[in-house]
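In this note's numbering, the protein residues as written are 11 to 244.
For each residue, glycine too, the CB sits at the ideal point set by N, CA and C.
Below you'll find the structure, written out as structure tokens, and then a few comments.
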Amino acid sequence: MAIKGYENPRKILNWSEEDRPREKLVRKGRSALSDAELIAILIGSGSMDMSAVDLAKIIMASAGNNINELAKLGVKDLVKYKGIGKAKAITILAALELGRRRNDIIPSRKRKIKGSASVYEEMKQYLLDKAHEEFWILLLNRANDVMRAHQVSVGGVSGTVADIKMIFKLAIDNLASSIILVHNHPSGQLIPSPFDKLLTAQIKEAGQLLDLPVLDHMIFTDDGYYSFMDEGEI
């Protein structure tokens, strides 16, 4: 119960203007704020026991103070924190998703694939932080510029299925000159499974018949990748 005339010292409005996240952003710019302070702005308000910043610090600490780990949480995970309801959880997740989608905007200059490292960088915007498996293809022109990335299938935690006919239909419809296969392993496992190897061989063979070479198949994880091309397996 609120006590008449009592002002909670933990309320952000009772802080000095220099320490308030919103005012700090206006005065010093976005880069001056910590991750927790930015999350606090999204939360808006805390509780009688703690400020929005304190609550944001607890949430960030539980994610190892890592935005990438925070992005893996869902609504059900966030509402477990006292002071975070469904609306605030959705606001946080929406902001994180907008940050991810910013990388989806295609720049005016073409992005050239020069090797496995550039494939990995290209696919981060699509596969980073995913808790389930997805299968994607990169469609390239004759100069190895990225024409587009296309999701082929979505699976569960331990696997997904790729339709070979669909892969080459997408490539032909977009007039691609070559393709690169990419799928993620949410477990972080970088060793290809026997099925990964069999599927790669089948798709490569189909590409040879259609004069659509498969340049690589990459297993993507948040911490690194496995390239069939680099390992001499394609």
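Between A42 and K67, the gap from beta carbon to beta carbon reaches 7 Å or more. From the listed residues L103, L185, D233, the smallest Cα separation to V156 is found for L185. Remark: C-beta atoms of N194 and K134 do not approach each other more closely than 7 Å. Taking 8 Å as the upper bound for CB-CB distance, L138 and N78 are in contact here, some 7 Å apart. Here H160 has W146, I147, L149, L180 as same chain residues with Cβ atoms under 7 Å from its own Cβ, once five neighbours each way along the sequence are excluded. The straight-line gap separating the alpha-carbon atoms of A73 and D232 is approximately 15 Å. Taken through DSSP and simplified to helix, strand or coil, M157 comes out as strand. The three-state reading of DSSP puts D226 in strand, counting E and B together. In the three-state scheme derived from DSSP, where H, G and I count as helix and E and B as strand, F238 is classed as coil.
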